[in-house]
Structures are given as structure tokens and as C-alpha cells.
Amino acid sequence: MLDIVIIGAGPAGLTAAIYAKRAEKSVLVLEAMNYGGQIINTPDIENYPVNAHISGFEFASRLYEQAKALGAEVVFEKAVDIIDEGNLKKVVTNANLYECKAVIIATGSENRKLGVEGEDVLVGRGISYCATCDGAFYRKKTVCVVGGGNTALEDALYLSDIAEKVYLIHRRDSFRGEETTTNKLKKKSNVEFVYNSVVTKLNAEKRLKSIEVTDKEGKVREIETNGLFVAIGRIPETQNFAKLVKVDESGYVIAGENCRTDVKGIFVAGDNRVKDVRQLVTATADGAVAATEAVKYIGTL
Amino acid sequence: MIKISQDNFEEEVLNSPVPVIADFNADWCGPCKMLKPVLEEIESERSDVKFVSINIDDEDLIAEDYEVFSIPCLIAFKGGKEVARSVGLKPKAAIESFIGEI
Numbered sequence: 000m001l002d003i004v005i006i007g008a009g010p011a012g013l014t015a016a017i018y019a020k021r022a023e024k025s026v027l028v029l030e031a032m033n034y035g036g037q038i039i040n041t042p043d044i045e046n047y048p049v050n051a052h053i054s055g056f057e058f059a060s061r062l063y064e065q066a067k068a069l070g071a072e073v074v075f076e077k078a079v080d081i082i083d084e085g086n087l088k089k090v091v092t093n094a095n096l097y098e099c100k101a102v103i104i105a106t107g108s109e110n111r112k113l114g115v116e117g118e119d120v121l122v123g124r125g126i127s128y129c130a131t132c133d134g135a136f137y138r139k140k141t142v143c144v145v146g147g148g149n150t151a152l153e154d155a156l157y158l159s160d161i162a163e164k165v166y167l168i169h170r171r172d173s174f175r176g177e178e179t180t181t182n183k184l185k186k187k188s189n190v191e192f193v194y195n196s197v198v199t200k201l202n203a204e205k206r207l208k209s210i211e212v213t214d215k216e217g218k219v220r221e222i223e224t225n226g227l228f229v230a231i232g233r234i235p236e237t238q239n240f241a242k243l244v245k246v247d248e249s250g251y252v253i254a255g256e257n258c259r260t261d262v263k264g265i266f267v268a269g270d271n272r273v274k275d276v277r278q279l280v281t282a283t284a285d286g287a288v289a290a291t292e293a294v295k296y297i298g299t300l
Numbered sequence: 000m001i002k003i004s005q006d007n008f009e010e011e012v013l014n015s016p017v018p019v020i021a022d023f024n025a026d027w028c029g030p031c032k033m034l035k036p037v038l039e040e041i042e043s044e045r046s047d048v049k050f051v052s053i054n055i056d057d058e059d060l061i062a063e064d065y066e067v068f069s070i071p072c073l074i075a076f077k078g079g080k081e082v083a084r085s086v087g088l089k090p091k092a093a094i095e096s097f098i099g100e101i
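Following this line, the structure appears as C-alpha cells:
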């Protein structure tokens, strides 16, 4: 039997693996996609202590190598269920079943989709969830950004320097994001605000040609655009575990700073935990705490 | 993986006797860097498909011609024509099944 199974090989999961291995526990990390998590999309990390600049790819690769060098095993399988039998936990993947003493859920989050017909087909053909990844393709073109939080505002600001015209579409009449960013955007002559509106239709011929937005009064407006950047938040990837551990109304696993869930021996780390600040440094911090708590828990068995 | 430029695109991709998987990427693209070793691994296992790499910053005209608007982007060519495309970083099994379908 393994000591600890960690679900997710992002910054939280891999940091947990480092701490657990250094405490001489046997560790298996399960990853459904690729190691590194969403940080690999960031070209330049400027707010992680010590390194003034490091790319997300390099950060993830070095973290992965560090965990592997300490003896953590990483397997690319998707965890679909956890069965709690008290002192014994079983983690079910799409290929195997692993028995262990403690589990750390570090599955992170994924982009929230618009839910408009044709969205999936048009990803990479006009629809994007990452302005810093795909913005460069829209030089001198028209783009729309959907959302009202910091990500949407920052995306619109970033794109306003690249694209000819930026529409910022928001379902309310004011933004949740920082006022300083909003003010910067208002000074941009090529940014148009489309308030009280939601995207209701995507028109495409092979690629996105225009979108339709519907306002509060039900009035429909068509906007010709080359790109649509969706920045309406993220959703925690906790669907497979929500029937076992307590989650809040948005799906975030409920646990305090000690990363303990309401089920003994099951811990949570990273962006899928209820918290105020979701940053790289808080994800790695969670990893350290969750692993330490898991080691402590195993000591009591 | 053969590096493709405007000069050898026709010869290596369009006129290739075997199907081609063209990997559109950029130096600043983290997911592209994650995908590269996966493609190299599949390349070493398969001799019936040719793998080529196209840097979209150096070869923006090719990227524009094929309407690449997000990377990583894999385009499968057969007989000089695009037959399929896969956008985004995906695990090895998904890439293999994408290549298997062409």
C-alpha cells in the first residue's frame, strides 16, 4: 500500500510530492493531462520569490524534475473517484486502482466556458481562453473580450496594444476587477465597452466571423470580430470528488489553512480549495501544508 | 523533426509522399514546449508519418495561410491538403489517436 496518492501534478501537487518524499513517504502523483498545470501558459512569472523572471514552462519542468529526483512517481492517468474506507483509501483512475493511507486532491481548475453553441469547434479558430497565449495572432484585427473580472480587464488592456479594436463585453454595468485597470482601459481610444450584454450566438464560416450579443432589454447586436477571448472565470475540477468531501456552491473544496477536508485522511491543495488569493505561491504553500498534514495523519494510524 | 520555412514547405509538406504532421509553435509558448517531447517520442515510434516543426514567428505567412490562431496547433497534411487539425496541449494518447485517424 502507498502512503500518499496526490491527484494533480501542478505546482500544488508536485510541491506536496517534494514534502512527502522528504518525509520518507511513498508517493504516487496522478496527472490527467500534462504536468505543470495552468502555469505553463504563463510566458514570464514575475511574482514568485527569488526568481525575478522565469517562464511557466521552466518553472513546471524544474519542479517536476525536483519531485522525480526525490523519488516521487508520476503516472499519467485520470483519477475518477476516491473510495474512503477509513484507514484505507482507494483512488480509482481510468486505468487502475491505487490503495493508500492518505490522499491529496490538487486538481486545480479549468476555464469556464461560455456555453454557446459552436464554442468547442471554434477553439483555435477564433475562440481563445488565453490572451497572452493567442493575442499575437490578432495583430491589427478586431477582438472581443467577455468578462468583468481582473482577467478580462487585463486581457482587454493587453489586446488593446495589439489589436486594432477591442470590444469588452460584460453582463453588468460595472466591473468587478481593479479600478486602476478599468481607468486605463477607459483611456484607450480603441476599446469599446458593451455593458449589460451576454454573448448569445457565434457566427462562423470555418472560423469565427461575428458574434451576437443580447442586452438586458433583449436587444440583439451583431459584432464582426476575428477573435473572442473568454475570461469569465475558472471552475474547480472537483466534480469527481464532490460527493465525498464537502465543497462550496462553486465547487471549491472546503478546508482551512491546514488543508484538511471534512474527511479524515483526505487533504486538498491549490486552486481547488476555498481561499481568497489564488496564486502560484499560495498553491505551492498549500502543497507543503497538505503534505505535512498528511504525514502527520499517517503517523496517527 | 524537420524545421520548415517558406523555402522547403512545398517540398517537405505539400509534396510529401507520406502524411505530414506539422507542429505550429513558438519559442514563447509553454504548452508548445510541453508538447515537443511527446511528438518526438511518437516520431521515433512511427516511420509512416513525417513530423515537421513550423515556428509561427519566423514563418508567419504559413501560419496565416492556414489560419493558425492558437498554438500549439497540429495540422495533418495528406497529398498536399489539410485533412485534420488538433489545437492545444493534449496527452500522448490523444495525439496518437489524432494521428491514427488520418
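Protein chains in written order, with numbering that gives the first Met the number 0: chain A, 0 to 300; chain B, 0 to 101. The beta carbon of each residue, even a glycine, is placed where N, CA and C say it ideally should be.
Under the three-state DSSP convention, the category Arg21(A) falls into = Numbered from 1 along the first sequence, position 22 holds the residue referred to as residue 21(A). Residue state, collapsed to three classes: helix.
query = What first and last residue would you give for the beta strand (DSSP E) that runs through Ser196(A)?
reply = Mapped onto the first sequence, residue 196(A) falls at position 197. Unbroken beta strand (DSSP E) run through Ser196(A): 196 to 204.
query = If you compare alpha carbons, which of Val144(A), Glu45(A), Gly226(A) is closest to Val67(B)?
reply = Your numbering for residue 67(B) matches position 68 in the second sequence. Ranking the options by Cα distance to Val67(B), first place goes to Gly226(A).
request  = Using DSSP bridges, identify the partner residues of Ile5(A).
outcome  = To locate residue 5(A), count along the first sequence from 1; it is residue 6. Answer is Val28(A), Ile103(A).
inquiry  = Assuming Lys20(A) and Leu87(A) are in contact, meaning their beta carbons sit under 8 Å apart, how far apart are those beta carbons, in whole angstroms?
reply    = Locating residue 20(A) in the first sequence gives position 21, counting from the first residue. Locating residue 87(A) in the first sequence gives position 88, counting from the first residue. Wrong, their Cβ atoms sit about 22 Å apart, outside the cutoff.
query = Is the CB of Ile70(B) under 9 Å away from at least one CB in chain A?
reply = As a first step, residue 70(B) is located in the second sequence; it is residue number 71 there, counting from the start. Output row for Ile70(B): interface = yes.
ask   = Name the residues in the region 5 to 33 of chain B whose C-beta lies less than 9 Å from a C-beta of chain A; which are they?
value = Ala25, Trp27, Cys28, Gly29, Pro30, Cys31, Lys32, Met33
key: N- and C-terminal bounds of the beta strand (DSSP E) containing Phe266(A)   = Locating residue 266(A) in the first sequence gives position 267, counting from the first residue. Looking at the DSSP string, the run of the beta strand (DSSP E) that includes Phe266(A) is 265 to 267.
task = Output the boundary residues of the beta strand (DSSP E) element that contains Arg84(B).
result = Walking along the second sequence from the start, residue 84(B) turns up at place 85. First-last of the beta strand (DSSP E) with Arg84(B): 80 to 86.
ask   = From what residue to what residue does the alpha helix (DSSP H) around Arg61(A) run?
value = Here residue 61(A) corresponds to residue number 62 of the first sequence, with the count starting at 1. Arg61(A) -> alpha helix (DSSP H) spans 55 to 68.
request  = Helix, strand or coil for Lys77(A), going by three-state DSSP, please let me know.
outcome  = Looking up residue 77(A) in the first sequence gives position 78. Three-state DSSP puts Lys77(A) in coil, outside helix and strand.
message = My output table needs one value for Val120(A): the three-state DSSP class, helix, strand or coil.
response = Within the first sequence, residue 120(A) is the residue found at index 121, counting from 1. Note: Val120(A) maps to coil in three-state DSSP.
key: In DSSP terms, what Ala75(B) is bridged to   = Residue 75(B) sits at position 76 when you count from the first residue of the second sequence. Ala75(B) pairs with Ile20(B), Ala83(B).
ask   = Is the CB of Asp214(A) under 9 Å away from at least one CB in chain B?
value = As a first step, residue 214(A) must be located in the first sequence, where it is residue number 215. So no, Asp214(A) is outside the interface.
Opposing strand residues paired with Gly298(A) [DSSP bridges] = Residue mapping note: residue 298(A) aligns to position 299 of the first sequence, counting from 1. Per DSSP, none; premise fails for Gly298(A).
query = Hey, does Ser127(A) have any beta-carbon neighbour from chain B nearer than 9 Å?
reply = By one-based count along the first sequence, residue 127(A) stands at place 128. Yes, its Cβ sits closer than 9 Å to a Cβ of chain B.
ask   = Is Pro103(B) helix, strand or coil when you go by DSSP?
value = Any answer about residue 103(B) is impossible in this case: the structure gives chain B only from 0 up to 101.
message = Could you tell me the alpha carbon to alpha carbon distance between Lys89(B) and Leu167(A), rounded to whole angstroms?
response = As a working mapping, residue 89(B) is identified with position 90 in the second sequence. As a working mapping, residue 167(A) is identified with position 168 in the first sequence. In a straight line, the C-alpha of Lys89(B) is about 30 Å away from that of Leu167(A).
inquiry  = Restricting to Cα atoms, I'd like to know which of Glu45(A), Arg138(A), Glu30(A) is closest to Ala94(A).
reply    = Stepping through the first sequence from its first residue, residue 94(A) is reached at position 95. Of Glu45(A), Arg138(A), Glu30(A), the residue nearest in Cα terms is Glu30(A).
request  = State yes or no: is the beta carbon of Asp64(B) nearer than 9 Å to at least one beta carbon in chain A?
outcome  = On the second sequence, position 65 is the one that residue 64(B) refers to. Chain A, which has no Cβ nearer than 9 Å to the Cβ of Asp64(B), makes this no.
message = So that I know if they touch, is there some Cβ in chain A lying closer than 9 Å to that of Asp57(B)?
response = To locate residue 57(B), count along the second sequence from 1; it is residue 58. No, no contact with chain A.
ask   = Could you check where the alpha helix (DSSP H) with Glu63(B) kicks off and where it finishes?
value = Within the second sequence, numbered from 1, the residue matching residue 63(B) stands at position 64. Counting along the chain, the alpha helix (DSSP H) containing Glu63(B) begins and ends at 59 to 64.
Three-state class that DSSP yields for Phe174(A) in the structure shown = What you label residue 174(A) is simply residue 175 of the first sequence in a count that begins at 1. DSSP places Phe174(A) in coil when its eight states are reduced to three.
ask   = Starting from Val37(B) and walking both ways along the beta strand (DSSP E), at which residues does that stretch end?
value = Within the second sequence, residue 37(B) is the residue found at index 38, counting from 1. That residue, Val37(B), is in no beta strand (DSSP E); its alpha helix (DSSP H) goes 29 to 44.
request  = Just confirm the distance between the C-beta atoms of Met0(B) and Leu38(B), as a whole number of angstroms; I'd bet it's less than 8 Å.
outcome  = Along the second sequence, read from residue 1 onward, the residue named residue 0(B) stands at position 1. Along the second sequence, read from residue 1 onward, the residue named residue 38(B) stands at position 39. Confirmed, about 7 Å.
query = Near Ser196(A), what residues of its chain come up, given a Cβ to Cβ distance below 6 Å and the 5 sequence neighbours on each side ignored?
reply = Sequence index remark: in the first sequence, residue 196(A) carries index 197 (1-based). So the qualifying residues of the chain are Ile168, Val212, Asp214.
Segment contact flag, the region 275 to 290 of chain A with the region 246 to 263 of chain A, C-beta cutoff 8 Å, min 3 pairs = yes
ask   = According to the neighbour-count rule (16 or more other Cβ atoms, all chains shown, within 10 Å of its Cβ), is Gly78(B) buried or exposed?
value = Indexing the second sequence from 1 puts residue 78(B) at position 79. Exposed, because fewer than 16 other Cβ atoms sit within 10 Å of the Cβ of Gly78(B).
query = To which residues of the same chain is Asn46(A) closer than 8 Å at the C-beta, ignoring the five residues directly before and after it?
reply = Counted from its first residue, the first sequence places residue 46(A) at position 47. If we look at Asn46(A) and ignore the five residues flanking it on each side, its Cβ neighbours are Gln278, Leu279, Val280.
ask   = From what residue to what residue does the beta strand (DSSP E) around Thr92(A) run?
value = On the first sequence, residue 92(A) is found 93 positions in, with the first residue counted as 1. It spans 87 to 92 - the beta strand (DSSP E) in which Thr92(A) sits, taken as one unbroken run.
ask   = Taking just the CA atoms, how far does Pro71(B) sit from Lys35(B)?
value = Reading the second sequence from its first residue, position 36 is the one you call residue 35(B). Reading the second sequence from its first residue, position 72 is the one you call residue 71(B). Between Lys35(B) and Pro71(B), the C-alpha separation is close to 9 Å.
message = Any C-beta of chain B within less than 7 Å: which residues of the region 42 to 64 of chain A qualify?
response = Pro42, Ser54, Gly55, Phe56
query = Which one of Ile6(A), Val73(A), Gly114(A) has the shortest CA to CA distance from Ile103(A)?
reply = One-based indexing of the first sequence puts residue 103(A) at position 104. When each option's Cα is compared against that of Ile103(A), the closest is Ile6(A).
ask   = Taking the C-alpha atoms as reference points, what is the distance between Ile63(A) and Glu11(B)?
value = Position 64 of the first sequence, counting from 1, holds the residue named residue 63(A). Position 12 of the second sequence, counting from 1, holds the residue named residue 11(B). Reading the sequence as shown, one finds Tyr at residue 63(A) and not Ile. Near 35 Å, if we compare the C-alpha coordinates of Glu11(B) and Tyr63(A).
request  = Select from Tyr34(A), Asp83(A), Val73(A) the residue whose C-alpha is nearest the C-alpha of Ala241(A).
outcome  = Mapped onto the first sequence, residue 241(A) falls at position 242. Closest option to Ala241(A), Cα to Cα, is Asp83(A).
request  = For Val115(A), collect the residues of the same chain with a Cβ closer than 8 Å to its Cβ; drop the 5 residues on either side in sequence, then sort them by chain order.
outcome  = Within the first sequence, numbered from 1, the residue matching residue 115(A) stands at position 116. For Val115(A), where only same-chain residues beyond five positions count, the Cβ hits under 8 Å are Val198, Thr199, Lys200, Leu201.
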